[in-house]
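A.B. asks: Residue numbers (my numbering): 728 to 1016. Glycine included, every Cβ here is placed at the ideal spot set by N, Cα and C. Here it is, the structure in full.
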């Protein structure tokens, strides 16, 4: 299995494959269906101007494909910036790698170089890397330790990485909500466990009632599906609009405690605060398979 160092040619002597060479931009092809967003027009112009002033500091990483073409594994935005500058050739390092190794280079280069990744990008990146590592593992125990291997180079625990991966099963509308921060990770993970038809019903109810889904509600929906398989829109509406007595009691206790300290907060604010505490507690639980 390729190490991260060997993927990027770190600590290796120069070889024909690791030398930086100029490649015609016309011969470069993007990696298909890669999950990372391309830069906005403004950010791309910023990058192109920086390259004009300082040159391309980091070469692209590519691999050879059929038809005397090269597939870009790292540097899609840099390539677009070079095109914007009217360049004909681009510095690149050619890597001789398998499909799985190419996938690992693509994902890891983005995880290392990008300062901010959306929830969607994280989820898809972790999924791709997990699948590639499991495919490379020849023994069962290697496959089981793929998440731990990813966690070694990331700021997330293996449990959190597993949760992100599970959210890739969300239908597009719910993935959009997760990506925009409208769904927390614990809530998104639980909802991802529902069937697509139940998720689509949920999308309709959320839109029509203009409600925010909580982790406790997601748990209730999850449990209901396990018992009944299909959840009706009426079932979903009942769960999303009914305030459990326990929650009302909790809100009341917090509100009274704050009043004693001359602090007044709206019930909705207190409810949001309690939901955050609930999410933090949930994150300590074992990963749901």
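Hey, how far is the Cα of residue 930 from the Cα of residue 760?
C.D. replies: 26 Å
A.B. asks: Specify whether the region 810-829 and the region 839-851 touch according to this definition: at least 3 beta carbon pairs, one from each stretch, less than 8 Å apart.
C.D. replies: no
A.B. asks: Give the straight-line distance between the Cα atoms of residue 831 and residue 839, rounded to the nearest whole angstrom.
C.D. replies: Roughly 12 Å between the two C-alpha positions.
A.B. asks: Check whether the region 877-884 touches the region 904-920, taking contact to mean three or more Cβ pairs, one atom from each stretch, closer than 8 Å.
C.D. replies: As far as the Cβ criterion goes, the region 877-884 does not touch the region 904-920, which means the pair count is below three.
A.B. asks: Go through its chain and collect everything with a Cβ distance to residue 783's Cβ below 8 Å, but skip five positions before and after it.
C.D. replies: Only 805, 809, 817 and 818 meet the Cβ criterion.
A.B. asks: Identify every run of the beta strand (DSSP E) within the region 830-916, keeping only runs that are complete inside it and at least 3 residues long; order them along the chain.
C.D. replies: Along the length of the region 830-916, whole beta strand (DSSP E) runs at least 3 residues long do not occur.
A.B. asks: With a threshold of 16 other CB atoms inside 10 Å of the CB of residue 926, please say whether the residue is buried or exposed.
C.D. replies: buried
A.B. asks: Note down the Cα distance separating residue 909 from residue 807, rounded to an integer number of angstroms.
C.D. replies: 32 Å
A.B. asks: Please determine, among 896, 886 and 851, the residue with the shortest C-alpha to C-alpha distance to residue 835.
C.D. replies: 851
A.B. asks: Would residue 769 be called buried (16 or more neighbouring beta carbons within 10 Å of its own) or exposed?
C.D. replies: exposed
A.B. asks: Compute the Euclidean distance between the alpha carbons of residue 941 and residue 913, then round it to the nearest angstrom.
C.D. replies: 9 Å
A.B. asks: Cβ of residue 776 within 7 Å of any heavy atom in the ligand GTP?
C.D. replies: Ligands are entirely absent from the displayed structure, and the ligand GTP is therefore not among its contents.
A.B. asks: Considering only DSSP beta bridges, list what residue 790 is partnered with.
C.D. replies: In the DSSP output, where bridge partners are listed per residue, residue 790 has 798.
A.B. asks: State the beta-bridge partners of residue 819 as determined by DSSP.
C.D. replies: Beta-bridge pairing links residue 819 to 748 and 787.
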